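S.K.: Numbers 26 to 199, taken from this note's numbering, label the letters of the sequence shown in order.
Don't be surprised by glycine CBs; every beta carbon is placed ideally from N, CA and C.
Just so it is clear, the structure is predicted and the values come from calculations on it, not from any experiment.
Here it is: the structure, laid out below.
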Amino acid sequence: MSNNTKSTFIISLISFVLTSAICGFLFFEINAQGVRLDNNVALLKSNNKKDYTHLNITRTMQETEAQRTELSTKFLRDANDSITFLDEMEALAPTLGLTLRTESIDDTIADKEKGLKFFKVVFVYVGEKDAVKDFVRILENIHYHSYLESLSLKSIAGDTWEGEATILITMQTP
Numbered sequence: 026m027s028n029n030t031k032s033t034f035i036i037s038l039i040s041f042v043l044t045s046a047i048c049g050f051l052f053f054e055i056n057a058q059g060v061r062l063d064n065n066v067a068l069l070k071s072n073n074k075k076d077y078t079h080l081n082i083t084r085t086m087q088e089t090e091a092q093r094t095e096l097s098t099k100f101l102r103d104a105n106d107s108i109t110f111l112d113e114m115e116a117l118a119p120t121l122g123l124t125l126r127t128e129s130i131d132d133t134i135a136d137k138e139k140g141l142k143f144f145k146v147v148f149v150y151v152g153e154k155d156a157v158k159d160f161v162r163i164l165e166n167i168h169y170h171s172y173l174e175s176l177s178l179k180s181i182a183g184d185t186w187e188g189e190a191t192i193l194i195t196m197q198t199p
């Protein structure tokens, strides 16, 4: 083999090795850029999904503002509202022919499982059997968000009955 052939072969071999190294580097760089692109696309999809969810929530809040305002009136906001509630109950009882006595009002009771706060009110009422039943139906369907915790009815004499109801009324949390 001549010197010229040897030098051409060595130059060709060096060129081949350099070209292969450059191609290998470019292949790995393209692969790394593809992985980064996939991560960025996934991040972009996630952000778009969050934006879409935010827009939906905002639209729902705007569309349901009237319903939420109406619903908020079904909760007691503070102690002043509880007095309004008591006044309503004390005004209602005589219209049904009942004698109503507010036995107790407990301060705020917290239900940590449900994350709610309640006023606990105990009413004792006396009257005719039908009036007592009507008052129980009213207590079961009070327009405030409430739970009838306990109820006891007993006949005192003849058609006169006494009822005792314990009601938990939800307070609206700020």
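I'd like to know whether the C-beta atoms of V146 and T124 end up nearer to each other than 8 Å.
M.R.: Position 121 of the sequence shown, counting from 1, holds the residue named residue 146. Position 99 of the sequence shown, counting from 1, holds the residue named residue 124. Against a cut-off of 8 Å, the Cβ pair of T124 and V146 comes out as no contact.
S.K.: Have a look at I181 and G152 and give me their C-alpha separation to the nearest angstrom.
M.R.: For the purposes of this step, residue 181 is taken as residue 156 along the sequence shown, with counting starting at 1. For the purposes of this step, residue 152 is taken as residue 127 along the sequence shown, with counting starting at 1. The alpha-carbon atoms of I181 and G152 are separated by roughly 10 Å.
S.K.: Does T127 come out as helix, strand or coil in the three-state DSSP assignment?
M.R.: Locating residue 127 in the sequence shown gives position 102, where the first residue counts as 1. Strand at T127.
S.K.: In angstroms, rounded to a whole number, what distance separates the CA positions of A116 and T89?
M.R.: In the sequence shown, residue 116 corresponds to position 91, counting from 1. In the sequence shown, residue 89 corresponds to position 64, counting from 1. Between A116 and T89, the C-alpha separation is close to 33 Å.
S.K.: Does the distance from the CB of T195 to the CB of S175 come in under 8 Å?
M.R.: As a first step, residue 195 must be located in the sequence shown, where it is residue number 170. As a first step, residue 175 must be located in the sequence shown, where it is residue number 150. No.
S.K.: Would you mind working out which of L141, D131 and V157 sits nearest E189, comparing C-alpha positions?
M.R.: Against the sequence shown, residue 189 aligns to sequence position 164. Nearest C-alpha to E189: V157.
S.K.: So, helix, strand or coil for M86, using DSSP?
M.R.: For this step, residue 86 is matched to residue 61 along the sequence shown. Of the three classes helix, strand and coil, the one that applies to M86 here is helix, per DSSP.
S.K.: Which residue from I55, T185, S27 and L51 puts its Cα closest to that of G122?
M.R.: As a first step, residue 122 is located in the sequence shown; it is residue number 97 there, counting from the start. It is T185 whose Cα lies nearest to the Cα of G122.
S.K.: According to DSSP, is M114 part of a helix, a strand, or is it coil?
M.R.: Here residue 114 corresponds to residue number 89 of the sequence shown, with the count starting at 1. In this structure, M114 counts as helix in the three-state DSSP scheme.
S.K.: Beta strand (DSSP E) containing E138: first to last residue?
M.R.: Start at 1 with the first residue of the sequence shown, and residue 138 comes out as number 113. Premise fails: E138 is in no beta strand (DSSP E) and is neither H nor E.
S.K.: If you compare alpha carbons, which of I192, T85, L51 and F144 is closest to R162?
M.R.: Locating residue 162 in the sequence shown gives position 137, counting from the first residue. The shortest Cα separation from R162 among I192, T85, L51 and F144 belongs to I192.
S.K.: Tell me which residue opens and which closes the beta strand (DSSP E) that I181 is part of.
M.R.: Position 156 of the sequence shown, counted from the start, is the residue given in the question as residue 181. S171 to A182 is the extent of the beta strand (DSSP E) around I181.
S.K.: Using the C-alpha atoms, what's the distance from Q87 back to V66?
M.R.: Indexing the sequence shown from 1 puts residue 66 at position 41. Indexing the sequence shown from 1 puts residue 87 at position 62. If you take the alpha carbons of V66 and Q87, they lie about 31 Å apart.
S.K.: Determine which residues share a DSSP beta bridge with G59 and list them.
M.R.: For the purposes of this step, residue 59 is taken as the residue at position 34 of the sequence shown. DSSP lists no partner for G59.
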